[in-house]
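Some notes on the structure that comes next.
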Amino acid sequence: MKVALDIGHLYKDSNKDDKGAFYQGFYEADFALMYAKKAYELLKTEHSIEVFISDPTKNILVGDYWKRRNWVNQNFNENDLYIQCHLNSGKGNYALIMSVLGYLDDKIISQNELTKIETAYGQILSNNTMKFLGISVKDFDESKDTIWNLKEGDRGYDIVKKFKCPAFIYEPAFIDNVIHFSLLKDGTWIDAIAKAIWKSCIEINQWIQSGGTKK
Ligand SMILES: [Zn+2]
């Protein structure tokens, strides 16, 4: 299985200075880069997983977001995984896992099939986020899974639509929640988030190997 750990905000052609939200001397992208790098290091030791991270020196997962999507759609299969790494802001106390379920222009697999795979992946990521961070994962579409299925006009919709594989915007914490911030700053949650991603990829890979939606 291939996994893309894309760092949100950084390396955009159209906005080179974007680093996301700012709080107490830190940018969102500082922390996102830290947890994504740590997850990358953990996943590199897994032989059945091929992991990629935003890397300007290799021209991988950089540039405007549509370019990253094109790269993923050219190099990944339907069962692979794309995570765009962010943090939320607005002083909340929950994690968000956002996707556009079943949205694909040139249908490689059927909508239902894609939706089932995306829901399964998102659920695994959600479970591990709750487990490793002890935080609840919100679902604003109230569909009782824990994936926020973005609709046209929602923040993030244009970013994660049209992927051929499950694609998520991941906001595991709030940079401006005082408690979240201190746990991010002292590294506790950098480790916890990295482990949540790592464990999710392992479980997703096992789920595919055991037949996925076809079992
Ligand atoms: Zn962001």
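Terminal number for the sequence shown in this note's numbering: 216, no gaps in between.
Just so you know, even glycine gets a beta-carbon here, dropped at the ideal spot from N, CA and C.
Note that the structure is predicted; figures quoted are calculated from it, not measured.
Asked: Mind checking whether the beta-carbon of E29 lies closer than 8 Å to any heavy atom of ligand 1?; Found: yes
Asked: Grouping DSSP H, G and I as helix and E and B as strand, with all else coil, what is K132?; Found: helix
Asked: Please find out if some non-hydrogen atom of ligand 1 comes closer than 8 Å to the beta-carbon of A22.; Found: yes
Asked: Using beta-carbon positions only, say whether Y222 and K163 come within less than 9 Å of one another.; Found: Here the chain comprises residues numbered 2 to 216, so residue 222 is not present and cannot be evaluated.
Asked: Identify the continuous beta strand (DSSP E) that holds I191 and give its terminal residues.; Found: Element bounds for I191: not the beta strand (DSSP E) but the alpha helix (DSSP H), 189–210.
Asked: Mind checking whether the beta-carbon of K9 lies closer than 8 Å to any heavy atom of ligand 1?; Found: At residue 9 the sequence reads Gly, which differs from the Lys that was named. Answer for G9: yes, Cβ within range of ligand 1.
Asked: Assuming contact is defined by CB atoms lying nearer than 9 Å, are L151 and V161 in contact in what I supplied?; Found: yes
Asked: Name the two residues that bound the continuous alpha helix (DSSP H) containing A217.; Found: As shown, the chain starts at 2 and ends at 216. That puts residue 217 outside it, with no answer to give.
Asked: Identify every residue that forms a DSSP beta bridge with Y171.; Found: C86, I98
Asked: Return the first residue and the last residue of the beta strand (DSSP E) that F1 is part of.; Found: The structure shown does not extend to residue 1, since the chain is modelled only from 2 to 216, so the question has no answer here.
Asked: Could you tell me if the beta carbon of L88 falls within a distance shorter than 8 Å of some heavy atom in ligand 1?; Found: yes
Asked: Contact check, T120 vs I148 under 8 Å by CB: the rounded distance?; Found: 6 Å
Asked: Pair every Cβ in the stretch 10–23 with every Cβ in the stretch 57–76, then say whether three or more of these pairs are closer than 8 Å.; Found: yes
Asked: Indicate whether the contact test is met: 3 or more Cβ pairs, each with one atom in the stretch 164–172 and one in the stretch 83–90, closer than 8 Å.; Found: yes
Asked: Exposed or buried, R277, counting other C-beta atoms within 10 Å across all chains shown (16 or more means buried)?; Found: A question about residue 277 goes unanswered here, because the residues of the chain that appear run from 2 up to 216.
Asked: How would you write the range of the beta strand (DSSP E) that V4 sits in, first residue to last?; Found: 3–8
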